[in-house]
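Read the structure below first, then the notes.
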Amino acid sequence: MKRTAGLWWLALSAAAVAVYAPLPYLTASLDALAADGTGLAGHYAGQPAWVRSALYVHMIGAGVALLLSPLQFSARLRARLPRLHWVAGRTVLAAVVPGGVAGLLLSPFSYAGLAGTAGFGLLALLWLVAAASAFRAARRRDLRAHRRWAVRLFALTYAGVTLRLWLIILLVAQPGTDPGVAFDRAYLIVTFLSWVPNLLLAEFLLRSRRSARRKVVGATASA
Ligand code: HEM
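One gets the working numbering by counting positions in the sequence shown from 1 and adding 6 to each.
Quick look at the structure:
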């Protein structure tokens, strides 16, 4: 029951951000969005063409990966439609590679300056490593390793959601502060806060699952 509710929360929140975050950028030009003060458009409107292109490649790749990833964790879907797991897995990989490379290229131009270069740059690198490791483990049929890397990959992909949730929390936590100043402060922090706790939680869950499995194996062996 708890697992199903958790999976639904992850799937719905991921789908909401995957659609809502890139949507404005796909419906109006960067200049028009900059004039409206939408998202980070003002920061990117004046950047070289290749940086602006990287922004679009990034948000589309990351959006597709975020939208499809939760499907991969449904045991029922995996059992009933194994082909869907295969196709969605490859699509996620095909989306993470350009999305992650573009994210890495964008990081030196981050609105958060050096903190963004470090935080988002490291996130992009780890994202690419996790995707490649999950894929390689699946190819050699090492399902345990595949599962572990897939959990880490999702924890990092979900940064797209946690970044926006943390921003709301950090903005609410600064009542009376000028909104621009409050946003800039919060944005500096989320460059790391958006993904480090996700990864720590993923490692904690993986370790507790491993020690639970060891206990079961130990109890079975001694019985
Ligand atoms: C998980 C790895 C990710 C990395 C490394 C990453 C990296 C970045 C970077 C460096 C920027 C530029 C922001 C700045 O100037 O500070 C950015 C912007 C953006 N990213 Fe990501 N991102 C990731 C995940 C996602 C996800 C899952 C989505 C969901 C669709 C997403 C959607 C966007 C959007 C829409 C922008 C434009 C800025 C805005 O208005 O929010 N990113 N990303």
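Each residue gets a CB set at the ideal place from its N, CA and C atoms; glycine is no exception.
Asked, Found
"Any idea what DSSP makes of Asp37, helix, strand or coil?", "helix"
"Please go through the same chain and pick out, in chain order, the residues whose beta-carbon is closer than 7 Å to the beta-carbon of Ala165, but skip the five residues on each side of it.", "Leu129, Ser200, Trp201, Asn204"
"Could you name each continuous alpha helix (DSSP H) segment of 4 residues or more that falls completely within the region 150 to 209, going from the start of the chain to the end?", "165 to 178, 185 to 199"
"Using only CA atoms, which one of Thr197, Leu169, Gly12, Pro76 lies nearest to Ala156?", "Pro76"
"Which term fits Ala60, buried or exposed, when burial requires 16 or more other beta carbons within 10 angstroms of its beta carbon?", "buried"
"Taking 8 Å as the cut-off, is the CB of Ala115 close to at least one heavy atom of ligand 1?", "Here residue 115 is Phe; the residue named in the question, Ala, does not match the sequence. Checking the Cβ of Phe115 against ligand 1 gives yes."
"Only counting runs of 4 or more residues, tell me where the alpha helix (DSSP H) segments fall wholly within the region 40 to 97, in order along the chain.", "47 to 51, 55 to 74, 81 to 86"
"Hey, how far is the Cα of Ala121 from the Cα of Ser228?", "52 Å"
"Taking Ala68 as the reference, give the member of Thr97, Phe115, Ser217 with the closest Cα.", "Thr97"
"Cα separation between Leu194 and Leu87?", "42 Å"
"Can you tell me the Cα-Cα spacing of Arg153 and Ala144, whole angstroms?", "9 Å"
"Have a look at Ala41 and Ser80 and give me their C-alpha separation to the nearest angstrom.", "42 Å"
"How big is the Cα-Cα spacing for Ser214 and Gly224?", "15 Å"
"Ignore the nearest five residues each way along the sequence and tell me which others in Leu46's own chain have a CB closer than 6 Å to its CB.", "Tyr117"
"What are the boundary residues of the alpha helix (DSSP H) that Ser113 is part of?", "From DSSP, Ser113 is part of no alpha helix (DSSP H); its letter is neither H nor E."
"Let me confirm a value: Phe210 is counted as buried when at least 16 other C-beta atoms fall within 10 Å, else exposed. Which label applies?", "exposed"
"Using CA atoms only, rank isn't needed, just tell me which of His91, Arg216, Tyr62, Gly43 is closest to Ala189.", "The sequence as given places Phe at residue 189; Ala does not occur at that position. Nearest option by C-alpha distance: Gly43."
"Taking only the alpha-carbon atoms, compute the straight-line gap between Ala208 and Arg216 and give it to the nearest angstrom.", "12 Å"
"For Phe115 and Ala71, I'd like the C-alpha separation in whole angstroms.", "23 Å"
"Output needed for Arg84: all residues of its chain with C-beta closer than 6 Å, excluding positions within five of it in sequence on either side, in chain order.", "His91"
"Taking the alpha helix (DSSP H) that Ala21 belongs to, which residues open and close that run?", "8 to 26"
"Here's the rule I'm using: 16 or more other beta-carbon atoms within 10 Å means buried, otherwise exposed. How should Val23 be labelled?", "buried"
"Is the beta carbon of Thr226 within less than 8 Å of some heavy atom of ligand 1?", "no"
"Beta carbon of Leu129: closer than 8 Å to some heavy atom of ligand 1?", "yes"
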